[in-house]
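S.K.: Counting from 31, one number per residue, gives the positions in the sequence shown under the numbering used here.
Glycine included, each C-beta is placed from N, C-alpha and C at the ideal position.
Right, I'll just put the structure down here and ask away after.
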Amino acid sequence: MNKNYLNKVVIKFAGDSGDGIQLLGNKFSDLNIKDDKINDIYTLVEFPPEIRAPAGSISGISSFQISISSEKIYNTGNDLDILIAFNPAALKLN
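Quick look at the structure:
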């Protein structure tokens with residue numbers, strides 16, 4: 031089986047604050063930085079303005095965006111290649 035590698039991919043995890051989005055993003059980044067094909071990882075973390083908004087509300091969405099590239103990255107990127115939304119509010123916001 032042949033593996034195809036992308037030069038750059040932008041992935042975003044989004045869900046309710048307190049659901050482990052930040053932990054998931056950190057673990058995913060740690061796993062990918064160990065790949066010898068990856069040269070750079072750039073992350074963007076977004077926290078909600080409230081301490082603990084009601085579950086499923088747009089104001090309580092937390093996200094972790096990861097740009098992974100075989101080349102040097104200078105920004106997080108504007109377009110997502112993959113969005114992993116853990117609830118409808120996260121999908122609506124992104």
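Between the Cα of Glu76 and the Cα atoms of Asn69, Gln52 and Ser59, which residue gives the shortest distance?
M.R.: Cα-wise, what sits closest to Glu76 is Gln52.
S.K.: Going by DSSP, what residue range makes up the alpha helix (DSSP H) through Asp60?
M.R.: Run containing Asp60: Ile51 to Ile63, per the alpha helix (DSSP H) assignment.
S.K.: Would Ser47 be called buried (16 or more neighbouring beta carbons within 10 Å of its own) or exposed?
M.R.: So Ser47 counts as buried.
S.K.: Our contact map puts Leu123 next to Ile88 with C-beta atoms below 8 Å; I'd like the distance itself, whole angstroms only.
M.R.: So it is a contact: roughly 5 Å between Cβ atoms.
S.K.: Determine whether the beta carbon atoms of Asp70 and Ser92 lie at a separation below 8 Å.
M.R.: Result no, Cβ atoms of Asp70 and Ser92 do not sit closer than 8 Å.
S.K.: Tell me the rounded alpha-carbon separation between Ile114 and Lys57.
M.R.: Approximately 15 Å, taken between the alpha carbons.
S.K.: Out of Glu101, Asp109, Ala119 and Lys67, state which residue places its alpha-carbon closest to the alpha-carbon of Asn34.
M.R.: Considering only alpha carbons, the answer is Lys67.
S.K.: State the start and end residues of the unbroken alpha helix (DSSP H) segment that holds Lys67.
M.R.: Looking at the DSSP string, Lys67 is not in any alpha helix (DSSP H), and its letter there is neither H nor E.
S.K.: Give the secondary structure of Ile114 by DSSP, where H, G and I count as helix, E and B as strand, and everything else as coil.
M.R.: Three-state DSSP puts Ile114 in a strand.
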